[in-house]
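Under the working numbering, read the sequence shown as residues 13 to 360, first letter to last. Backbone N, C-alpha and C define an ideal beta-carbon position, used for all residues, glycine too.
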Amino acid sequence: QRVGYAIVGLGHLSLDELLPAFGESKKSKVVALVSGSPEKMRKVAQQYGVKPESCYSYQDYDKLKDNKEVQVIYIVLPNSMHAEYTIRGAQAGKHILCEKPMANSVQECQAMIDACKKADRKLMVAYRIQYEPNNRMIRQMVQDQKYGTVKFIEAVNNQNSANPQHWRHIKALAGGGALPDIGLYCLNTIRYLLGEEPTEVFAYQYSTPGDPRFREVEELMSWQMKFPSGVYASCATHYGVHEARRYRVYGERGWMELSPAFSYKGIQMQTSHAEGKIERVEQPKLTEKNQFATEMDHFSECIMQNKQPFTPGEEGLQDQRIMEAIYQSAKEGKPVKLPEIKTKDTFR
Ligand code: NAD
């Protein structure tokens, strides 16, 4: 038994990752498509066995309501469209899986949560890293204090983005630059590893003058986060340097690293700890799983068993709150405090 998905937006992520991932999923199937390009959609539908009558234009989006095969709408559109399509999707009676970043403002995130609650539909943000085995193992090691108390984390997510015309470089569509697109992985993953929320951020932002890619959105965001347990995290994200996606977690007696940490494939772990006078370095190898299939199957299981997803809308809302504090800090040149949220794993 599989849950039926409608994929909304046939861009890179949908075509290169999500649609192929259905082939590796156990509980999810693609049953409908929504696109502004009829010709492209016809070919994709043929390739993945989607019926012609289950292919919709954006104008016909609300007609998904009448398609009984569709239980989940997966929103894979530019960030500024996530809120509208989530709200309309919930109103059409469908559960929503929404790509990250959840939206472009705290208000939009809240409206999405409210709309799904009102319609009694589930909402999950597609934070694939929280379903990935290496990241899950590091989280367990952090929480078991395998190398003592964790005190410091450094994280980086960088890429050299090429096309200044792309929506990712237009603030109204993307919401920001490197931070909401890729820096978000550092932020969300550190919160996930620690199971607690930062109480203060301090940030610095920079864009190369005259570079057409960064007329509207930031090239670099570098920020620090303080957590109630005393952990201090130092993060950076850059849109104009060669790809690097890694983090290292430092405990009293050892460290744990993933490099790459946030890629679709090939995530690699390295740990180092002292054994007497010897420094033991290890590279544990875990069986690789398709991250997108794992994530979709989690949501499908939540629907079949009526469970709360591990990364619900509140998770995206909290990231958005913190990102807004990061922008505020970079603008004002001083630390910004966040409200203290006491419980660990607040949203789960
Ligand atoms: P993309 O540009 O390749 O695709 C976007 C799609 O939206 C295109 O098919 C485009 O035609 C369509 N679209 C509809 N209205 C549009 C408009 N007004 N302007 C521009 N495009 C419009 O982008 P993508 O890389 O597939 O990203 C889509 C979403 O997925 C984003 O929210 C992004 O952050 C997210 N994403 C997540 C991951 C992940 O690992 N979870 C990876 C990549 C992208």
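Residue i: CB within 7 Å of a non-hydrogen atom of the ligand NAD
i: R140; result: yes
i: V229; result: no
i: W179; result: yes
i: E11; result: Examination of residue 11 is not possible in this model, given that the chain is present from 13 through 360 alone.
i: M93; result: yes
i: V88; result: yes
i: G189; result: no
i: G325; result: no
i: H285; result: no
i: D72; result: no
i: D78; result: no
i: H310; result: no
i: G23; result: yes
i: K193; result: Reading off the sequence, residue 193 comes out as Asp, not Lys. Answer for D193: yes, Cβ within range of the ligand NAD.
i: S271; result: no
i: S40; result: no
i: G207; result: no
i: S26; result: yes
i: G48; result: yes
i: L185; result: yes
Residue i vs residue j beta-carbon contact at 8 Å
i: M124; j: A104; result: no
i: H107; j: I334; result: no
i: Y73; j: Y17; result: no
i: K134; j: P321; result: yes
i: T220; j: G252; result: yes
i: S284; j: L185; result: no
i: M237; j: Q217; result: no
i: E255; j: N172; result: yes
i: A127; j: T98; result: yes
Cut-off 7 Å between Cβ atoms - residues of its own chain near residue i, not counting five sequence neighbours on either side
i: V137; result: C110, K112, M114, T323, G325, E327 and G328
i: P224; result: P176
i: V361; result: The requested residue 361 is not part of the displayed model; the chain covers only 13 to 360.
i: Y70; result: V46 and G48
i: S40; result: R14, V15, Y17, F34, M308, D309 and S312
i: V154; result: V162, L205, L206 and V261
i: I353; result: E209
i: K343; result: none
i: L298; result: P145, N146 and M149
i: H181; result: R225, E228 and V229
i: P240; result: E208, T211 and E352
Cβ shell of residue i (< 8 Å), same chain only, five flanking positions each side left out
i: E264; result: Y159, G160, T161 and K163
i: L350; result: E209, P210, T211, E212, V213, R333, I334 and A337
i: N147; result: I141, T201, Y204, L205, L270, A273 and I279
i: V82; result: G16, Y17, A18, V43, A44, S66, L76 and K106
i: P64; result: R54 and A57
i: S341; result: V213, F214, A215, W235, P347 and V348
i: Q317; result: none
Residues near residue i in its chain [Cβ-Cβ closer than 6 Å; skip 5 each side]
i: M53; result: L45, S47 and C67
i: C198; result: A167, N169 and C247
i: K183; result: E228 and V229
i: S37; result: A305, M308 and D309
i: G345; result: none
i: G101; result: I85 and I108
i: P90; result: W179 and L185
i: K356; result: Note that K356 scores 48 on pLDDT, short of 50, meaning its location in the model is unreliable and no value can be drawn from it.
Q) If you pair each beta-carbon of the region 290-298 with each one of the region 108-125, do three or more pairs fall below 8 Å? A) Between the region 290-298 and the region 108-125, the count of Cβ pairs shorter than 8 Å is below three; the stretches do not touch.
Q) Is the region 166-173 in contact with the region 207-219, if contact means three or more CB pairs nearer than 8 Å? A) Taking 8 Å as the limit for Cβ pairs, the verdict is that the region 207-219 does not touch the region 166-173.
Q: Could you tell me whether the region 30-41 touches the region 301-317, using the rule of 3 or more Cβ pairs below 8 Å?
A: Contact annotation: the region 30-41 touches the region 301-317, with at least three C-beta pairs closer than 8 Å.
Q. Counting Cβ pairs, one atom from each stretch, are 3 or more of them under 8 Å apart for the region 41-49 and the region 16-29?
A. The region 41-49, when compared against the region 16-29, does touch it at the 8 Å Cβ threshold.
Q. Is the region 259-273 touching the region 196-212 in the sense that three or more CB pairs, one from each, lie closer than 8 Å?
A. At 8 Å Cβ cutoff, the stretches touch.
Q) Okay, do the region 230-248 and the region 185-193 touch, 3+ Cβ pairs below 8 Å being the bar? A) Short answer: they touch.
Q: Taking 8 Å as the threshold, find out whether the region 128-146 comes into contact with the region 268-282 through three or more Cβ pairs.
A: At 8 Å Cβ cutoff, the stretches touch.
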